[in-house]
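Novice:
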Amino acid sequence: MTTQTHDLGHDVIDQLTGLQPGGGTYALRHLREKVAAATQGSYDTLFDPALAGIGLDERLLVALYACRLSAAHDLAAHYRQRLEALAVDTGQLEVAAQGAPEQLPAGRLRAMLSYTRALTQRPVEGDRQALHSLPAAGIGTPAVVALSQLIAFISYQVRVVAGLKAIELAGSSAGKETA
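Anchor point for the sequence shown: position 101 equals 101 in this note's numbering, and the numbering is continuous, going up by one each time.
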C-alpha cells in the first residue's frame with residue numbers, strides 16, 4: 001500500500017497549528033494522509049493565481065473576511081500576510097480585516113463580501129437574493145460556484161484548525177496533570 005504524501009513544509013494547517021512530525025496530534029491528523037493531502041490540495045487549487053473568474057486578491061480578501069467573521073485569528077493573519085505580499089488596495093484590505101462590505105463602493109468585492117457574510121454568519125440567508133446579488137455585480141456563474149466553494153473551504157479550514165488546536169491544548173493539559 002502506497003501512501004501519497006505532500007510537502008510537509010507546505011501544509012498550511014500543519015504550519016498554522018504548529019504540528020510537527022513525531023507529535024501525537026500530527027500523527028492523528030496524518031493517520032488519513034489522503035485527507036490531509038486533499039485539504040492542502042483544495043487550498044492550492046482555490047488560491048492558484050491561474051484560477052479564472054475571481055482574482056487571487058479577491059479570493060484572499062474573501063478568505064480574510066470569512067476568517068475574521070469566524071474569529072479565526074491565526075488563519076486571518078495568514079491570509080492578511082498573503083494579501084500584504086500582493087500589495088492589495090489598503091482600503092479593501094482594511095474593510096476585509098476590520099470593516100463592513102457596505103464601506104466599499106458598489107461592485108464585485110462588495111457583493112462577494114456581503115455574500116461571504118451571509119454564508120458565514122447566517123447561512124439561511126444565503127438565499128436566492130444573496131445569490132442573485134453576485135451576477136448583478138458582474139460575477140458569472142462559474143465564479144459564483146468558485147466563490148461558494150471557497151467560502152465552504154474556509155469554513156472547513158477554520159474548524160479543522162480549531163479542532164487541532166483544541167486537541168493539542170487538551171493533550172498538553174493532560175500532560176501537566178500527570179506530571
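We put the CB at the ideal spot given by N, CA and C, even for glycine.
Considering only the alpha carbon of each residue, which of L134, A170, A97, D89 lies closest to S114?
Specialist: Here residue 114 refers to the residue found at position 114 of the sequence shown. Of L134, A170, A97, D89, the residue nearest in Cα terms is L134.
Novice: Do you know how far the Cα of C67 is from the Cα of H78?
Specialist: Reading the sequence shown from its first residue, position 78 is the one you call residue 78. Reading the sequence shown from its first residue, position 67 is the one you call residue 67. Roughly 10 angstroms between the two C-alpha positions.
Novice: Can you name, in chain order, every residue of its own chain whose Cβ lies under 6 angstroms from the Cβ of P49, other than the five neighbours on each side?
Specialist: Indexing the sequence shown from 1 puts residue 49 at position 49. These residues qualify, in order along the chain: L56.
Novice: Can you give me the Cβ contacts of L46 inside the same chain, cut-off strictly under 6 angstroms, excluding the 5 residues immediately before and after it?
Specialist: The count along the sequence shown starts at 1 and reaches residue 46 at position 46. If we look at L46 and ignore the five residues flanking it on each side, its Cβ neighbours are L150, F153.
Novice: Report the three-state DSSP secondary structure of S42 (helix, strand or coil).
Specialist: The residue you call residue 42 lines up with position 42 of the sequence shown. Helix.
Novice: Going by beta-carbon coordinates alone, are R110 and A137 separated by less than 9 angstroms?
Specialist: Along the sequence shown, read from residue 1 onward, the residue named residue 110 stands at position 110. Along the sequence shown, read from residue 1 onward, the residue named residue 137 stands at position 137. Yes, these two residues count as a Cβ contact at 9 angstroms.
Novice: Measuring only the C-alpha atoms, how far is L131 from G171?
Specialist: If you number the sequence shown from 1, residue 131 lands on position 131. If you number the sequence shown from 1, residue 171 lands on position 171. Taking the straight line joining both Cα atoms gives about 42 angstroms.
Novice: Nearest CA to the CA of M112: which residue from R128, Q121, E58?
Specialist: For the purposes of this step, residue 112 is taken as residue 112 along the sequence shown, with counting starting at 1. Comparing Cα positions, the closest option is E58.
Novice: Less than 9 angstroms separating the beta-carbons of G91 and L83?
Specialist: By one-based count along the sequence shown, residue 91 stands at place 91. By one-based count along the sequence shown, residue 83 stands at place 83. The answer is no: Cβ separation not under 9 angstroms.
Novice: Would you tell me roughly how many angstroms separate the C-alpha atoms of V161 and P101, rounded to the nearest one?
Specialist: Counting from 1 along the sequence shown, the entry for residue 161 is found at position 161. Counting from 1 along the sequence shown, the entry for residue 101 is found at position 101. Each residue's Cα considered, the two are about 26 angstroms apart.
Novice: For Y65, which residues in the same chain have their Cβ closer than 6 angstroms to its Cβ, ignoring the five residues on either side in sequence?
Specialist: Against the sequence shown, residue 65 aligns to sequence position 65. Hits under 6 angstroms: A96, L113, T116.
Novice: Would you mind giving the Cβ-Cβ distance between L16 and L69, rounded to the nearest angstrom? I have them listed as a contact below 8 angstroms.
Specialist: Position 16 of the sequence shown, counted from the first residue, corresponds to residue 16. Position 69 of the sequence shown, counted from the first residue, corresponds to residue 69. The Cβ separation is near 18 angstroms, so there is no contact.
Novice: According to DSSP, is A137 helix, strand or coil?
Specialist: On the sequence shown, residue 137 is found 137 positions in, with the first residue counted as 1. Looking at A137 - three-state DSSP - the assignment turns out to be coil, as it is neither helix nor strand.
Novice: If you draw a straight line from the alpha carbon of A146 to that of I54, how long is it in whole angstroms?
Specialist: Indexing the sequence shown from 1 puts residue 146 at position 146. Indexing the sequence shown from 1 puts residue 54 at position 54. Looking at the two C-alpha atoms, the distance is approximately 8 angstroms.
Novice: Helix, strand or coil: which one does DSSP assign to D7?
Specialist: The count along the sequence shown starts at 1 and reaches residue 7 at position 7. No answer about D7 holds up, because its pLDDT of 48 lies below 50 and its placement is not dependable.
Novice: Between the Cα of L93 and those of L61, L119, G107, A72, spot the shortest distance and give me the residue it belongs to.
Specialist: Against the sequence shown, residue 93 aligns to sequence position 93. Here the closest residue by C-alpha is L61.
Novice: If you check the beta carbons only, do R29 and L164 fall under 9 angstroms apart?
Specialist: Residue numbering aside, residue 29 sits at position 29 when the sequence shown is read from its first letter. Residue numbering aside, residue 164 sits at position 164 when the sequence shown is read from its first letter. Against a cut-off of 9 angstroms, the Cβ pair of L164 and R29 comes out as a contact.
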